[in-house]
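What follows is a single structure, written as structure tokens, with notes after it.
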Amino acid sequence: MTAVAWARSNLFRNRRDAVTTIVAGLIVGWVLYRTARFVVVTGRWEVVRTNLTLFLVGRYPNGDQWRVAVVAIGAGFVAGLVAGQVARRRLGAAIANGTPLPTVPFTDRVRDVVARYWPALTLLLLLLLLARTASPWLLAAATIAATVAGRLLGARTPRRVGWAIFALPAVLPLAVLPFLTDPLGWDRWGGMMLTLLLASVSMIACFPLGVLLALGRRSTLPALRAVSIGVIEFFRGIPLVVLVLMSDVALGFFFPRDLLPGKVVRVIVAFTIFTAAYVAEIVRGGLQSVPRGQTEAAQALGLSPVRITGLIVLPQALRNVIPALVGQFISLFKDTTLVFIIGFLDVLSVADNVTKQPEFRGQGLIAETLVFAALLFWVGSYTLSRESQRIERKLGVGTR
Amino acid sequence: MVVAFGLWLAGNVRANSAKTNIPLSFDYLDQPATFPIAGSSFRPTQSVRDAIVVGLGNTVRVALAGIVLATVLGTLIGIARLSTNWLVSRAAKVYVELFRNVPVLVLVVFAYLAVFLRLPRLEDATTVSGLLVISVRAVAVPWARTDGRGWLVLGILVVAVAAAVAVARWRHRAFDRTGQPAFAGVAATVAFVAVVAAAFLATGGPVDVTAPHLDGRVLRGGIAMPPEYAALLCALALYTASHVAEIVRGSIQAVPKGQNEAATALALSSGQRMRQVVLPQAMRIAVPALANQYLNLTKNSSLAVAISYFELTKVTQVSIASRAPAVPSYLLLMVIYLALSLTISAITNQVNRRLALVER
């Protein structure tokens, strides 16, 4: 279709459509012009450039940043392993079904990766261009190499040991924490690293709690059901801000002085309980979507109630709610900014603080730093939500 | 086990409060607050109870305005998203993806620090054709005020609405009987306007609509919004609108295609198709999800703590800082939020039931 024909059918279908296009075009053009002018001409990005490290890892000591690098490379490797194993299993399933997957040429695969991850890749490139030394480039290259190596290795790992690969992303964050906290302790973490720490630990911790609450809500024991409903509805009814503030000020009253955990752990507890209540409702929806016949068939086979839940009902229920769970985790990722309110040095607080540095004070640079902070979150959240839509399509939830 | 854990926590609270000499009772509510609240007539000598009431009023104010704005904006963008015009649907999509994936707190802080605090001073405020006054001190819009006879205005409005409903019923019945076009909406509007106009003429106009204007260095007329309020409202409305837009789009797409095709076959115009066939059915699907967004918006209004707008949470935070005991304060705060949440879900459940009744 030529450009003219395309424009005629999409922009100038009839007279009203043409007027709409022109009016909308003027507005969009003006917004685009202002945005481009801000990014290229009027925006003073020196403040971001100078404080890039602060944005990413907070006040993590310079001499220990190799630890972060090691973890980044390791994370890339594990992500590659998982992707490789998933691809292997899909291939195996396709062969078993007698419908081998078509081979995709290499250039198409690269194009696919770029189409899927363009925001993350653009951000990576931007960060590298802003960097003043060569080490970020080396780190990026090493991480990409590790990811590719993991992908190749994952595709060659037999299915028998493959389950261990899927357990890695859940177990590893807990294992690397002591390694990362060693020089600083966690109460002085900051930047994007703090955000990722809060989000990932809360995610991993809230999931079992949420599943237990969902099962409790469907339990036949009235006391257990009442407690579960009470906990779920209570924490869904109050704002997260209140919980975060409480974790800072009032949680100390609920524990003996010597048992009271540090600030970061306290706020993680707040995030975990809050998200668990939402996860519980999502999982409950999933449990309700599993047909009764499944339970009855399992009972007919003589399985114990625990096994029915664990082996028959829960796997199907969780599979149905993966997109909703990812959505919840995205909100958790964004909500970690609330620690700004209680004085943590997270990305948002870095964005606020760096405008008060002596060389940048009083220049009104808050727009620049906040846009950069928003960009960091936007890329993470947008990529996750796109991936979740992909999983949704792949699983065919609702169309089967 | 749960009960034992609860008792253990309660015991700890009691022990800690004895140790630190911070009481657990609610007596502090009657103590003087000792802090002022910007943008209200609240005096530091008034009690903490009064401060919390002022905070509750501010929460309700920002939540209600936010819900209205987010619904209107979100519905427009949701419909734009489905437009056959490429530019319009693209722009709507970019809006949704942009605002949905940014933390709402970042939006709130951005709106406050980077937009509303950067506005010109009151002396050289921007005025838009006598309708808006935009300055760092306040953003003012036209507003209606009653001359002390508020109950009279309320009474007139109630009578007018009743008249409009009666006329609409009558026209609907006429339509059912005769099949002639009923113009129920037009007739009801005429009835409403007629009643209001007649009553205002009779009582000599108890309502006074004023546009804001600068009188030297004083802002007169209209209603002035402090930058904290305006920033919070804008950020919450823009953020929630992106979620509402997705809900509206999904709900419209969930209406079976046959409905649209049948409406086309009946030669309804595209506007009639949308208003009379698709949107009413989409609304039914959208209400539970919208209710959730309204709840979220209300709870997100607590983000005001970051920009010092004195709603419930900020008032509680400040009162704790000026020596109100933390545990009872937070308990009270949580109970108030629970009550707000339950109220909103009760209202939306009611709406949901009314809409669902239509279904066969």
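In the order they appear, the protein sequences are chains A and B.
Counting from 875, one number per residue, gives the positions in the first sequence under my numbering.
Counting from -12, one number per residue, gives the positions in the second sequence under my numbering.
A virtual CB, placed ideally from N, CA and C, is assigned to each residue, including glycine.
Counting only C-beta atoms, is A/THR996 closer than 8 Å to chain B at any point? Along the first sequence, one-based indexing puts residue 996 of chain A at 122. No - not a single Cβ of chain B is within 8 Å of the one on A/THR996.
Check each residue of the segment 104 to 118 of chain B: if its Cβ is closer than 8 Å to any Cβ of chain A, include it; give the result in chain order. Within the segment 104 to 118 of chain B, the qualifying residues are ARG105.
Runs of alpha helix (DSSP H) lying entirely within the segment 70 to 148 of chain B, each at least 4 residues, in chain order: DSSP runs (the alpha helix (DSSP H)) wholly in the segment 70 to 148 of chain B: 73 to 87 and 91 to 96.
So, is the C-beta of A/ALA1100 closer than 8 Å to a C-beta in chain B? Position 226 of the first sequence holds residue 1100 of chain A. So, not an interface residue.
Decide if the segment 895 to 903 of chain A is in contact with the segment 978 to 993 of chain A; the criterion is three or more beta carbon pairs, one per stretch, under 8 Å apart. With the cut-off at 8 Å, the segment 895 to 903 of chain A and the segment 978 to 993 of chain A do not touch.
Inter-residue CB distance, B/VAL154 and B/ALA174 (contact presumed, cutoff 8 Å): Translated into the one-based positions of the second sequence, residue 154 of chain B becomes position 167. Translated into the one-based positions of the second sequence, residue 174 of chain B becomes position 187. Their Cβ separation, rounded to whole angstroms, is 5 Å, which keeps B/VAL154 and B/ALA174 in contact under 8 Å.
With 8 Å set as the bound, which would you pick, yes or no: does the beta-carbon of A/GLY1272 sit closer than that to a beta-carbon of chain B? The residue labelled residue 1272 of chain A in the question sits at position 398 within the first sequence. Any answer about A/GLY1272 is weak, because its pLDDT of 47 lies below 50 and its placement is not dependable; what the coordinates show is given next. Judged by the 8 Å Cβ criterion, A/GLY1272 is not in contact with chain B.
B/VAL205 classed as buried or exposed, judged by whether at least 16 other C-beta atoms fall within 10 angstroms: Translated into the one-based positions of the second sequence, residue 205 of chain B becomes position 218. Under a 10 Å Cβ-count criterion, B/VAL205 is classified as exposed, with fewer than 16 other Cβ atoms of the shown protein chains found around its own Cβ.
Check each candidate in B/ASN88, B/VAL140 and B/ALA333 and name the one with the smallest Cα separation from B/ASN279. On the second sequence, position 292 is the one that residue 279 of chain B refers to. Sorting B/ASN88, B/VAL140 and B/ALA333 by C-alpha distance to the C-alpha of B/ASN279 places B/ALA333 at the top.
Among A/THR996, A/ALA953, A/PRO1082 and A/ASN971, which one has its Cα closest to the Cα of A/ARG1025? The sequence position of residue 1025 of chain A within the first sequence is 151, counting from 1. Of A/THR996, A/ALA953, A/PRO1082 and A/ASN971, the residue nearest in Cα terms is A/ALA953.
Since B/ILE210 sits in a beta bridge, which residues does DSSP pair it with? Counting from 1 along the second sequence, the entry for residue 210 of chain B is found at position 223. The partner list for B/ILE210 (beta bridge, DSSP) reads B/VAL128.
Is the number of C-beta pairs between the segment 221 to 229 of chain B and the segment 92 to 101 of chain B that are closer than 8 Å three or more? Three or more Cβ pairs closer than 8 Å define a contact, and the segment 221 to 229 of chain B meets that threshold against the segment 92 to 101 of chain B.
Given 8 Å, three or more beta-carbon pairs between the segment 1239 to 1247 of chain A and the segment 97 to 115 of chain B: Yes, since at least three Cβ pairs between the segment 1239 to 1247 of chain A and the segment 97 to 115 of chain B fall closer than 8 Å, the two stretches touch.
Of the residues that make up the segment 289 to 314 of chain B, which ones have a beta carbon closer than 7 Å to any beta carbon in chain D? Among the chains of the structure shown, chain D does not appear; the protein chains present are A and B.
Evaluate B/ILE234 with the Cβ neighbour count: other Cβ atoms within 10 Å of its Cβ, from every protein chain shown; 16 or more gives buried, anything less gives exposed. Within the second sequence, residue 234 of chain B is the residue found at index 247, counting from 1. Label assigned to B/ILE234: buried.
Can you name the residues of chain B whose CB is closer than 7 Å to the CB of A/VAL1123? For this step, residue 1123 of chain A is matched to residue 249 along the first sequence. For A/VAL1123, the chain B residues whose Cβ falls inside 7 Å of its Cβ are ILE307 and ALA313, in order along the chain.
Under 8 Å between C-beta atoms of A/GLY1084 and A/ALA1150: For the purposes of this step, residue 1084 of chain A is taken as the residue at position 210 of the first sequence. For the purposes of this step, residue 1150 of chain A is taken as the residue at position 276 of the first sequence. Their beta carbons are under 8 Å apart, which means A/GLY1084 touches A/ALA1150 by this criterion.
So, under 8 Å CB-CB, A/LEU1161 and A/ALA1088 are touching, yes? Tell me the CB distance rounded to an integer number of Å. Taking the first sequence and counting its residues from 1, the one referred to as residue 1161 of chain A is at position 287. Taking the first sequence and counting its residues from 1, the one referred to as residue 1088 of chain A is at position 214. Indeed they touch by this definition, with Cβ atoms about 6 Å apart.
Top-ranked residue by Cα proximity to B/ASN247, from B/VAL265, B/VAL59 and B/ILE272: Counting from one through the second sequence, the residue named residue 247 of chain B turns up at place 260. Comparing Cα positions, the closest option is B/VAL265.
Opposing strand residues paired with B/LEU201 [DSSP bridges]: Numbered from its first residue, the second sequence carries residue 201 of chain B at position 214. Residue pairing for B/LEU201: DSSP places it in a beta bridge opposite B/LEU206.
Leaving out five residues on either side along the sequence, give the residues of the same chain with a beta carbon under 7 Å from the beta carbon of A/GLY1126. Working through the first sequence from its first residue, we reach residue 1126 of chain A at position 252. Around A/GLY1126: LEU1134.
A/ALA1171 to B/LEU56, Cα distance in whole Å? Within the first sequence, residue 1171 of chain A is the residue found at index 297, counting from 1. Within the second sequence, residue 56 of chain B is the residue found at index 69, counting from 1. Here the alpha carbons of B/LEU56 and A/ALA1171 stand approximately 51 Å from one another.
Scan the segment 217 to 261 of chain B and note each continuous alpha helix (DSSP H) run of 4 residues or more that stays entirely inside, going in chain order. Runs of the alpha helix (DSSP H) lying entirely within the segment 217 to 261 of chain B and spanning at least 4 residues, in chain order: 244 to 252.
Tell me the DSSP secondary structure of B/GLU346 in three-state form. Position 359 of the second sequence, counting from 1, holds the residue named residue 346 of chain B. Caution applies to B/GLU346, whose pLDDT of 48 falls short of 50 and renders its modelled position unreliable; the value that the coordinates give is listed next. Note: B/GLU346 maps to coil in three-state DSSP.
In chain B, which residues lie less than 7 Å from A/TYR1256 when you measure between Cβ atoms? Working through the first sequence from its first residue, we reach residue 1256 of chain A at position 382. Ordered by position in chain B, the residues that pass the 7 Å Cβ test against A/TYR1256 are GLU84 and ASN88.
Suppose you measure from the CA of B/LYS286 to the CA of A/ILE896; what does that come to, to the nearest Å? Position 299 of the second sequence, counting from 1, holds the residue named residue 286 of chain B. Position 22 of the first sequence, counting from 1, holds the residue named residue 896 of chain A. Here the C-alpha atom of B/LYS286 lies approximately 39 Å from the C-alpha atom of A/ILE896.
Can you confirm whether B/MET321, when its beta carbon is compared against all beta carbons of chain A, has any partner nearer than 8 Å? Within the second sequence, the letter at position 334 stands for residue 321 of chain B. Closer than 8 Å: yes.
Could you confirm whether any beta carbon from chain B is found closer than 8 Å to the beta carbon of A/PHE1053? By 1-based counting over the first sequence, the position of residue 1053 of chain A is 179. No - not a single Cβ of chain B is within 8 Å of the one on A/PHE1053.
B/ASP195 - DSSP class collapsed to helix/strand/coil: Indexing the second sequence from 1 puts residue 195 of chain B at position 208. The three-state secondary structure of B/ASP195, taken from DSSP, is strand.
What are the start and end residues of each continuous alpha helix (DSSP H) run of 4 or more residues lying completely inside the segment 968 to 1030 of chain A, in chain order? The qualifying runs are 980 to 1004 and 1009 to 1030.
Just how far apart, CA to CA, sit A/SER1205 and A/LEU1119? Here residue 1205 of chain A refers to the residue found at position 331 of the first sequence. Here residue 1119 of chain A refers to the residue found at position 245 of the first sequence. Rounded to the nearest angstrom, the two C-alpha atoms are 18 Å apart.
Go ahead and pull the three-state DSSP assignment for A/LEU1219. Translated into the one-based positions of the first sequence, residue 1219 of chain A becomes position 345. Three-state result, A/LEU1219: strand.
Please compile the residues from chain B whose C-beta is within a distance smaller than 7 Å of the C-beta of A/ASP891. Start at 1 with the first residue of the first sequence, and residue 891 of chain A comes out as number 17. Scanning chain B for C-beta atoms nearer than 7 Å to the C-beta of A/ASP891 yields ASN72, reported in chain order.
Across which residues does DSSP place A/GLY1064 in a beta bridge pair? Mapped onto the first sequence, residue 1064 of chain A falls at position 190. Answer is A/LEU1219.
Tell me, please, whether the CB atom of A/MET1120 is closer than 8 Å to any CB atom in chain B? Numbered from its first residue, the first sequence carries residue 1120 of chain A at position 246. Chain B, which has a Cβ nearer than 8 Å to the Cβ of A/MET1120, makes this yes.
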